[in-house]
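Numbering (this note's numbering), first residue to last: 1 to 141. Ideal placement from N, C-alpha and C gives every residue a C-beta, glycine not left out. Only a predicted model underlies this, so the values are computations on that prediction, with no experimental measurement involved.
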């Protein structure tokens, strides 16, 4: 009897252990946790897809802005080239004006000298005349 009682006791303990450590009962919390994690990952992936789609939607606008910026940069470069060209022209005109002013001053001096020569000749003649006329009159007195 003892053996049979022992066997019953062992079977009772084994049955109790089998219920407590039932694969289905152990697996259920793990499966639930994994399901929750899978849902979390799926939500994160959906969020990432949404962000990727938003970025893809922005790409054409960004490409247009980049194109516009490049065109603007090219226009600025052309303007700077024109400004450089105009600066060279201004320098050239300034040099020409300075040269013309120098020639004008020289021409004015020459013209003044030319205009004064007849007057100087008349003045010289007048001095000679006065010496001739005034000197004999002074000597006769």
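Contiguous beta strand (DSSP E) assignments of at least 3 residues, all confined to the region 94-131:
none
Whole-angstrom distance between residue 122 and residue 165, CA atom to CA atom
The chain is shown only over 1 to 141; residue 165 falls outside these bounds and no answer can be derived.
Just the Cα atoms here: how many angstroms apart are residue 111 and residue 93?
Rounded to whole angstroms, residue 111 to residue 93 spans 26 Å at the Cα level.
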